[in-house]
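Number of protein chains: 4
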Amino acid sequence: MYSFKDDYSEGAHPRILNALVESNLEPLDGYGEDKYTLQAIELIKQRMKRNDLDIHLLSGGTQTNLTVISSFLRPHEAAIAANTGHILGHETGAIEATGHKILSCEVSDGKLAPEHIKPVLEAHTDEHMVKPKLVYISNPTEIGSIYTKPELQQLSRFCRENNLLLYLDGARLGSALCSEENDLQLSDLGGLVDAFYIGGTKNGALLGEALVICTDSLKADFRYYIKQKGGLLAKGRVLGLQFLELFKDDLYFDLARHANAMAGLLRNEISRAGYSFLTHSASNQIFPILPNRLIARLQEKYLFYVWAKIDADHSAIRIVTSWATKEEAVSAFINDLRGTSRDEGTGS
Amino acid sequence: MYSFKDDYSEGAHPRILNALVESNLEPLDGYGEDKYTLQAIELIKQRMKRNDLDIHLLSGGTQTNLTVISSFLRPHEAAIAANTGHILGHETGAIEATGHKILSCEVSDGKLAPEHIKPVLEAHTDEHMVKPKLVYISNPTEIGSIYTKPELQQLSRFCRENNLLLYLDGARLGSALCSEENDLQLSDLGGLVDAFYIGGTKNGALLGEALVICTDSLKADFRYYIKQKGGLLAKGRVLGLQFLELFKDDLYFDLARHANAMAGLLRNEISRAGYSFLTHSASNQIFPILPNRLIARLQEKYLFYVWAKIDADHSAIRIVTSWATKEEAVSAFINDLRGTSRDEGTGS
Amino acid sequence: MYSFKDDYSEGAHPRILNALVESNLEPLDGYGEDKYTLQAIELIKQRMKRNDLDIHLLSGGTQTNLTVISSFLRPHEAAIAANTGHILGHETGAIEATGHKILSCEVSDGKLAPEHIKPVLEAHTDEHMVKPKLVYISNPTEIGSIYTKPELQQLSRFCRENNLLLYLDGARLGSALCSEENDLQLSDLGGLVDAFYIGGTKNGALLGEALVICTDSLKADFRYYIKQKGGLLAKGRVLGLQFLELFKDDLYFDLARHANAMAGLLRNEISRAGYSFLTHSASNQIFPILPNRLIARLQEKYLFYVWAKIDADHSAIRIVTSWATKEEAVSAFINDLRGTSRDEGTGS
Amino acid sequence: MYSFKDDYSEGAHPRILNALVESNLEPLDGYGEDKYTLQAIELIKQRMKRNDLDIHLLSGGTQTNLTVISSFLRPHEAAIAANTGHILGHETGAIEATGHKILSCEVSDGKLAPEHIKPVLEAHTDEHMVKPKLVYISNPTEIGSIYTKPELQQLSRFCRENNLLLYLDGARLGSALCSEENDLQLSDLGGLVDAFYIGGTKNGALLGEALVICTDSLKADFRYYIKQKGGLLAKGRVLGLQFLELFKDDLYFDLARHANAMAGLLRNEISRAGYSFLTHSASNQIFPILPNRLIARLQEKYLFYVWAKIDADHSAIRIVTSWATKEEAVSAFINDLRGTSRDEGTGS
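As given, the protein sequences belong to chains A, B, C and D, one line each in that order.
UniProt numbering numbers the first residue of the first sequence as 1 and each following residue consecutively.
UniProt numbering numbers the first residue of the second sequence as 1 and each following residue consecutively.
UniProt numbering numbers the first residue of the third sequence as 1 and each following residue consecutively.
UniProt numbering numbers the first residue of the fourth sequence as 1 and each following residue consecutively.
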């Protein structure tokens, strides 16, 4: 069984493990104050072309999201998210557990725009309601779509005009920035969002996300919040060494490009085989709509999630590729899809 | 500069890194449901000689403590801890941040006994006060002392008679169980406490603590709590592989024994050199009281914390050894202490 | 300006004030343990025809809702509410501030039914999502509709079969139970819901809601929760005396009947004048759809909320009657509506 | 049985009830926006000789304390209180339930001074510990002592120099300000503390505390916090009318003076009878130390708390007087004390 279930099935890119091994017996300061962590942070600042950033390395996405949102908001303030937003439905109420409501906006393609947020602001007028204060987006979104630079600029402008913070969850940021449809640079983000994180776990690290805080007023005492929420690893080196390796050259982006290329191959071939997609995705997750009988046959050899029922005979599945996805596996999948699809007649 | 600051300065025991490297490209289920995690859990159950345990691997001590305590208690219930307890003063109010008060008991040696808890129970009589419900201890304690089996049995009995949960923080449990003064077995704990954790981070792992829940009523839905608090690593394999390596033979205990042996060497020689100690410690942390001038000289070559001022001329320092402490470094430290102390005249 | 804005514009029914005055200098126990509170609780038990109920008097609806929900749920559990539910949008995130998510169900008439809840249960399958545990309803609903006995029985059965708690917010319970369309008795509620409250503030009391806990497992330590959330009044007599007065005879129901009668008069006459309503309401809130020009004229003499825009020329307004609404004011309003409407031509 | 148990045994001063009765049927805006509340706020501002204050009326002390502290602090910040502080031990962990630790300072007379706070600041040095941010005091203290103006000035200066907020719980503020030992004016408080509340419940109101926020940065959105915590009464008039009555002339102070006078009578006579006191109290609570046999006899006719055991034969009791305490009752108590004490021999 080859897995297309997710992008965190394997361990880490070998160079990352190697970095852990080589430095292993060197005694270092704990809690993220070791030299490797400081170097990793320095490298990210260089990529961001800015020095006035606070960067912290945390262990995972939910940990980062809950630490950020609970520290940025005052008790009566709420986050706004697309109805597909990860924090809304897939983090066990982690944000609410810190005391904050998330206001959901119905969107069609996973992306929030000013038009979705405006009615929320208009509806929240007085102290009987929460005060919308932070806009949560992810790039790519939960369903694989990516923000264009103009879209993000427009959203950013809207947030500033309306005194809203803009926070970007970059669990798969590499895939977004390396998408062939992408027109954003990593260094653009500093001017567009108040904070974001560069996902490591889903792009070749064992674990780890690099949180970048761009806005001065949000920086104070952030290490307290990390510690209080249980996110300050004693051996911070484990995170520092990984991000150092990912950013000392283009490794972070190379890994994302590979994942995207594998998804692109699948997308093209599935499309050529006559199938359509649930959503337009330019990143490493694709959602082809296939006949249920074909899905059943593919499931004999491949692991993936059945995402949504389309009609009595068809479902959308989710295929995720990663830095570790093998081209042979992609080719085999395509052959199996074609082979099987020949028996099935043309696609949906 | 050689560091005796803590037991988390180095990476992981080489066998652990090796296990990560060897399994690296194998695709595995995420979120702690991979086969290595399941095997590690199985091995710990065998060591505990019980099958009816729920075991979860978490990333760090504060994460574990806050997840446990917030899920075991109802909103009005409080924890009880020794005044030196880690959760009281060194976790940035992580427990209170989940809504629960910690009631502090003044103790002299870091250890809680029924006599400390009784007055707390007697003082909390009605709904204007919190309801004491969980006793938090650590073994070894924050100041290096360890519980004897009779002490823990007495405390356990007291807790049961008074409808209190007993939770043991085992950040350095290996060191306690391998102390020459210890008379407790790992497998004894199942019958004595409601839950405890086996610390990995401070005993040779990159990160990771194995939480063992012994009491049935505390087991339900525990994975929800881990996820909600941000503690569920996508690549749970990172924790599973480490605990598997630590418990597939005696590695976990061998590492603790080494740390203890190094502390023992230091303790004996410092004692022979005529110095006394702030507390009696039978584990891998010792607190010798030294002349300030001697401390200053040692600080030129070694890193350690100055723990407490004793009088105008003397202070207690904290020396921590670990699985990675080198015997040569210990010898050198002793020589430096002796050599310097010769110049200084006799010790305090 | 006569106000139809709400049912809490006036003070208390004169008999209630009189009870406060007459007992005023009598020294009584504090914190809800005075004899009047105990008598009030006894009377409510008699009305409920059950002795095995825990009844607590609290100061307001939000206070009651947040105390109930935060004490009934464990940290990962969530409430379910209709999209119009008061706790969702009009309590400043009070429930989330205690750590719990509210899952919203789209309904058309304010009422939750098993068909709305089923998909929520089906979508929440594992520890990456909150666990739905408590169904929140109000009777009457936020938009004036009321539950029939069969509807509530069906919902109750569904909750029990699915291990869900059912909690009824009775801010305007009097109005629901005294509606001419109602077929529920107060004493029916004990067998149908796990807890509910009898609203005093909106039915003639200065302040106060009587929370009735029916299910044994939810009763323990409830006074701790009230105190912890700041809801335990030192002079609990203020609540006890009011509920005693309301329930020593039929005053509570008489007041509700009056409010309903006034709403009924308005409903009939507005209907006869040719106007329709946004929702079918059988209680003391009605939502007529009127031409904007008519609304403007009525606003010169009456206070009420414009509730929703219907089209370019029409809006729905909300008219609320109360125990204190004067029949002359109702007649005047109807005359003004008719008179104005004559000028306007026929209604929408 | 005459009660000296507390100062909230009776209802309200008759003038207050009268104000409620007279305005009862007047329709008013809800949620604290009625004209009476606005007038009461205006009167308090006049007494404070400042216009730049935000004043809110809340229902009780715990409600006020938890709303204030949770809104003033960021998640990692802690409150500091004397070990006798009400929020520490008598509010069921209400502050911790909002996520904040309270750091306790051992004091001998209930009063916090810079010397108690300095060591707390020195001990909290980094992100592994909470950040002390708000100093909580009450005047009078939990044990009846009062702050002098120089003491409060010194504490205020210390707080400002150390970037600490100073919050004063004035549950019995009237009694402090009307004590014969007092040298503080109500209007002094604006320049000394960041916020405080003027207690109504324990000085003649049915319920209600007037929170005064002096510092600009703490004022924003405060009504959101009140609503979120369940403290915004629909019929805010109930609070407004009471504070209007208390402050339209000197009623608030007259009531406190009466309570103090009654306590003074008792203090003098108990002292003349040869008994000493547990603490020096200049307010309406006194703590005489009496022989246990005398206490037992007094308990046959009077209600009061036995506060602390002094030795085998003596205990301290707590006697509280109020606006409603009758001079005849005081005289009778004194006679009974003397009479009984004659049988007992001289006092302790």
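Heads up, the beta-carbon is just placed ideally off N, CA and C, and yes, glycines get one too.
Please read these numbers as outputs of a predicted model, since none were measured by experiment.
- Taking a cut-off of 8 Å on C-beta distances, the stretch 162-172 of chain D touches the stretch 126-134 of chain D, as three or more cross pairs fall below it.
- Not a single C-beta of chain B is nearer than 8 Å to the C-beta of Gln185 (chain A).
- With 16 or more neighbouring CB atoms inside 10 Å of its own CB, Met48 (chain D) falls in the buried class.
- If you ignore the 5 residues before and after His124 (chain A), its C-beta comes within less than 7 Å of the C-beta of Val130, Lys131, Pro132, all in its own chain and listed in chain order.
- Contact between the stretch 259-275 of chain C and the stretch 295-302 of chain C is not established, with fewer than three Cβ pairs separated by less than 8 Å.
- No residue range can be given for Tyr31 (chain B), since it is assigned to no beta strand (DSSP E) and is classified by DSSP as neither H nor E.
- Annotation for Ser9 (chain A): Ser3, Ser322, Ala324 place their beta carbon closer than 8 Å to its own, counting only its chain and skipping 5 residues before and after.
- Counting only the Cα atoms, Gly208 (chain C) lies some 26 Å from Phe196 (chain D).
- Here DSSP, grouped into helix, strand and coil, assigns Glu10 (chain C) to coil.
- In this structure Gly236 (chain D) is buried. Its beta-carbon is surrounded by 16 or more other beta-carbon atoms within 10 angstroms.
- Contact annotation: in the stretch 114-136 of chain D, residues whose CB is within less than 7 Å of a CB in chain B are Glu127, His128, Met129, Val130.
- Contact between Gly144 (chain B) and Ile286 (chain B) holds, since their C-beta atoms are separated by about 6 Å, short of 8 Å.
- When rounded, the separation of the alpha-carbon atoms in Lys111 (chain A) and Leu73 (chain A) is 22 Å.
- When Cβ-Cβ separations below 8 Å define contact, Tyr305 (chain A) makes no contact with chain B.
- Within chain B, no residue has its CB atom less than 8 Å from the CB of Arg257 (chain C), the nearest being about 37 Å off.
- In the three-state reduction of the DSSP assignment, Ala210 (chain D) falls in the strand class, which pools E and B.
- Interface with chain B (8 Å Cβ-Cβ cutoff): Thr92 (chain A) is included.
- Pairing Ala94 (chain B) with Gly60 (chain A) gives a Cβ-Cβ distance that is not under 8 Å.
- Going by C-alpha positions, Ala82 (chain B) is about 59 Å away from Ser179 (chain C).
- Contact annotation: in the stretch 70-93 of chain B, residues whose CB is within less than 8 Å of a CB in chain C are Ser70, Ser71, Arg74, Pro75, His76.
- Residue state for Tyr197 (chain A) is assigned as strand, using DSSP reduced to three classes.
- The beta carbons of Leu66 (chain A) and Gly230 (chain B) sit closer together than 8 Å.
- In the DSSP assignment, Cys159 (chain A) falls within the alpha helix (DSSP H) that extends over 149-161.
- Residue contact check for His100 (chain C) against chain A: a CB pair falls below 8 Å.
- Our two residues, Ala205 (chain D) and Ile16 (chain D), have alpha carbons roughly 7 Å apart in a direct line.
- Among the residues facing chain D, Arg267 (chain A) is not included, as its CB has no counterpart in that chain under 8 Å away.
- Chain D has a Cβ within less than 8 Å of the Cβ of Thr201 (chain C).
- In the three-state reduction of the DSSP assignment, Pro132 (chain B) falls in the strand class, which pools E and B.
- In this structure Glu245 (chain D) touches Ala19 (chain D) by the C-beta definition: roughly 5 Å separates them, less than 8 Å.
- One finds Glu127, His128 in chain B with Cβ atoms closer than 7 Å to the Cβ of Lys227 (chain C), taken in chain order.
- Contact of Gln242 (chain A) with chain B is not assigned, every C-beta pair being separated by 8 Å or more.
- The continuous stretches of beta strand (DSSP E) do not include Lys118 (chain B), which lies in the alpha helix (DSSP H) extending over residues 114-123.
- In the three-state reduction of the DSSP assignment, Ala308 (chain B) falls in the strand class, which pools E and B.
- Of A:Asn51, A:Arg50, A:Ile69, A:Ala40, the smallest CA-CA separation from Leu57 (chain A) is found for A:Ala40.
- Contact between Ser283 (chain A) and Pro140 (chain A) holds, with the beta-carbon distance rounding to 4 Å and staying under 8 Å.
- Around the CB of Glu327 (chain C), fewer than 16 other CB atoms lie within 10 Å, so the residue is classed as exposed.
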